[in-house]
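To keep things clear, I will list the structure first and then write my remarks on it.
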Amino acid sequence: QFVTFDGLAKACAMAMGRDEPELVHFNAKDYDFGKKKAFPMRDQHFFASIDKAMADLNWRPKFSLLSGLRDSYDKDFGRGTMRKQPDFETDDMILAKVKGMARV
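Position one of the sequence shown corresponds to residue 1 (this note's numbering), numbered consecutively onward.
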């Protein structure tokens with residue numbers, strides 16, 4: 001099974017029980033985030049796969065992608081035990097420039 005960045009973002013929303021997100025693609029070179037980094041939702045071909053770990057290490061996953069995301073969300077964010085509060089500053093910067101609006 002392969003997953004793209006877009007697919008991963010959609011799977012994360014599904015794991016949290018949220019509606020499918022509106023995805024905004026951007027060119028990170030158009031922004032100066034300082035020391036902060038933004039998630040690279042760029043239009044590019046990038047795929048992640050566990051096939052090599054399965055073949056080379058004889059490894060088998062305990063969770064599917066979606067059930068693993070749900071498990072992580074429930075254990076960390078769902079219980080409010082995340083290590084630090086989410087910072088949406090770079091998201092707001094991107095949305096303000098790309099869409100003319102910031103997250104409220």
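All residues carry an ideal CB built from backbone N, CA and C; glycine is no exception.
Owing to the predicted nature of the structure, the values given are computational and were not obtained by experimental measurement.
Inter-residue CB distance, residue i and residue j (contact presumed, cutoff 8 Å)
{"i": "residue 98", "j": "residue 26", "result": "6 Å"}
{"i": "residue 71", "j": "residue 63", "result": "6 Å"}
Spatially closest choice to residue i from the options, by CA coordinates
{"i": "residue 89", "options": "31, 22, 75", "result": "31"}
{"i": "residue 6", "options": "15, 18, 22", "result": "22"}
{"i": "residue 87", "options": "17, 29, 33", "result": "33"}
{"i": "residue 16", "options": "94, 60, 74", "result": "74"}
{"i": "residue 94", "options": "55, 19, 28", "result": "28"}
{"i": "residue 92", "options": "55, 76, 24, 49", "result": "24"}
{"i": "residue 65", "options": "49, 77, 55", "result": "49"}
Close Cβ partners of residue i (< 7 Å) along its chain, the five nearest in sequence each way excluded
{"i": "residue 12", "result": "69"}
{"i": "residue 36", "result": "89, 90"}
8 Å Cβ shell around residue i - same chain, five flanking residues per side excluded
{"i": "residue 19", "result": "13"}
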